[in-house]
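Chemist:
Numbering (our numbering), first residue to last: 55 to 315.
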């Protein structure tokens, strides 16, 4: 089977978003040079408002929910579904502050299973409903937020997954993985990987972000804090912004570790 064709984000949208983003970065640089930056803001402070991502429709998908708790933190017992939602809400805030139109697949502790048809599993229906939401709103991009776990409790670090065969998703995953490493400085620097996740079966750039390991005591403690969650959200949006600039041809790929095709 050949590589599937993927719908491109309209060039006009990318150019508008990238042009605005470039102006924001220039003005920020001028402000810093003139001593206008002021006191450093804590990582938990939402990003200043702008329109760097204006015109883009981005779906943020907090994984699991309702009957499906996902992974469970080893020490605190907190379910993954709650942490996914918390990070997703912060990510929406930062995206909206930069002008993006954001659609969440869920905003509360709920699943998207509706009970029909009866011969299809709850999980399958739930995942299909998330894809249907992305298609219905005309999403330009999908970001699915998750937490990881593993029997080896020493494993740690965020990791981004994309659909094999989608160059746009591969580049987005590389940008986001690099942004997460830069922002969080994890002890173990992971690489973005292709993955066979149902939510990635879309014809727009889509990534699944494993924010960290709930099975690692140190990382679990960080993931439970508001400050670290805002840092995650900001890094995710930084990755989106870098991808937009690359797609519009405004920047090269220096500093971005691209996964193998």
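Backbone N, C-alpha and C define an ideal beta-carbon position, used for all residues, glycine too.
Taking the CB atoms as reference points, tell me whether residue 175 and residue 251 lie closer together than 9 angstroms.
Modeler: Against a cut-off of 9 angstroms, the Cβ pair of residue 251 and residue 175 comes out as no contact.
Chemist: Using only the alpha-carbon positions, how far apart do residue 113 and residue 130 sit?
Modeler: Rounded to whole angstroms, residue 113 to residue 130 spans 29 angstroms at the Cα level.
Chemist: For residue 266, count the other beta carbons within 10 Å of its own beta carbon; 16 or more makes it buried, fewer makes it exposed. Which is it?
Modeler: Its Cβ being crowded by 16 or more others within 10 Å, residue 266 is buried.
Chemist: Within a Cβ cutoff of 7 angstroms, which residues of the same chain sit near residue 319, ignoring the five residues on either side of it in sequence?
Modeler: Residue 319 lies beyond the stretch modelled for the chain, which goes from 55 to 315, so this question has no answer here.
Chemist: Based on the DSSP secondary-structure assignment, which residues constitute the bridge partners of residue 130?
Modeler: The partner list for residue 130 (beta bridge, DSSP) is empty, contrary to what the question assumes.
Chemist: Under a Cβ-count criterion, where at least 16 other Cβ atoms within 10 Å of its own Cβ denotes burial, should residue 87 be classed as buried or exposed?
Modeler: Unreliable placement is indicated for residue 87, whose pLDDT of 38 sits below 50; the coordinate value is still reported in the next sentence. Exposed: under 16 other Cβ atoms inside 10 Å.
Chemist: Please work out which residues of its chain come closer than 8 angstroms, Cβ to Cβ, to residue 241, disregarding the five sequence neighbours upstream and downstream, and give them in chain order.
Modeler: Only 210, 211 meet the Cβ criterion.
Chemist: Please look up how many angstroms separate the CB atoms of residue 258 and residue 195, rounded, as I've assumed it's under 8 angstroms.
Modeler: Sure, about 6 angstroms apart at Cβ, within 8 angstroms.
Chemist: Enumerate, from N- to C-terminal direction, the unbroken beta strand (DSSP E) stretches of 3 or more residues contained entirely within the segment 239-285.
Modeler: Here the runs fully enclosed are 260-267.
Chemist: Residue 96 to residue 239, Cα distance in whole Å?
Modeler: Residue placement at residue 96 is flagged as unreliable, the pLDDT there being 45, under the threshold of 50; the coordinate-derived value follows with that caveat. Going by the C-alpha atoms only, they are around 17 angstroms apart.
Chemist: Out of curiosity, what's the CA-to-CA distance linking residue 193 and residue 116?
Modeler: Each residue's alpha carbon lies about 16 angstroms from the other.
Chemist: Ordered along the chain, which non-local residues of its own chain (more than five positions away) have a Cβ less than 7 angstroms from that of residue 146?
Modeler: 114, 156, 158.
Chemist: When the Cα atoms are used, what is the spatial distance from residue 127 to residue 271?
Modeler: Cα-Cα distance, rounded: 9 angstroms.
Chemist: Rounded to whole angstroms, what's the CA-CA distance from residue 202 to residue 118? Just pull it up for me.
Modeler: Distance between the alpha carbons of residue 202 and residue 118 is about 12 angstroms.
Chemist: Which one or two residues does DSSP pair with residue 216 in a beta bridge?
Modeler: DSSP output for residue 216 lists 248, 261 as bridge partner(s).
Chemist: With DSSP collapsed to three states, give me the class of residue 93.
Modeler: Below a pLDDT of 50, predicted positions are generally treated as unreliable, and residue 93, at 38, falls in that range; no measurement from the model is reported.
Chemist: In the DSSP assignment, what residue or residues form a beta bridge with residue 149?
Modeler: None; residue 149 has no bridge partner.
Chemist: For residue 186, does the three-state DSSP call read helix, strand or coil?
Modeler: Three-state result, residue 186: helix.
Chemist: Span of the beta strand (DSSP E) holding residue 108?
Modeler: Run containing residue 108: none; DSSP gives neither H nor E here.
Chemist: Quick check: the segment 133-141 against the segment 275-283, are at least 3 beta-carbon pairs closer than 8 angstroms?
Modeler: Cβ pair count under 8 angstroms is three or more, so yes.
Chemist: Near residue 142, which residues of its chain fall below 7 angstroms by C-beta distance, leaving aside the five closest residues on each side in sequence?
Modeler: 114, 116, 158, 199.
Chemist: Quick one: grab the DSSP three-state call for residue 78.
Modeler: In this prediction, residue 78 has a pLDDT of 43, which is less than 50 and means its spatial position is unreliable; nothing more can be read from the coordinates.
Chemist: For residue 155, write down the residues that DSSP places opposite it in a beta bridge.
Modeler: Note: residue 155 sits in a beta bridge opposite 111.
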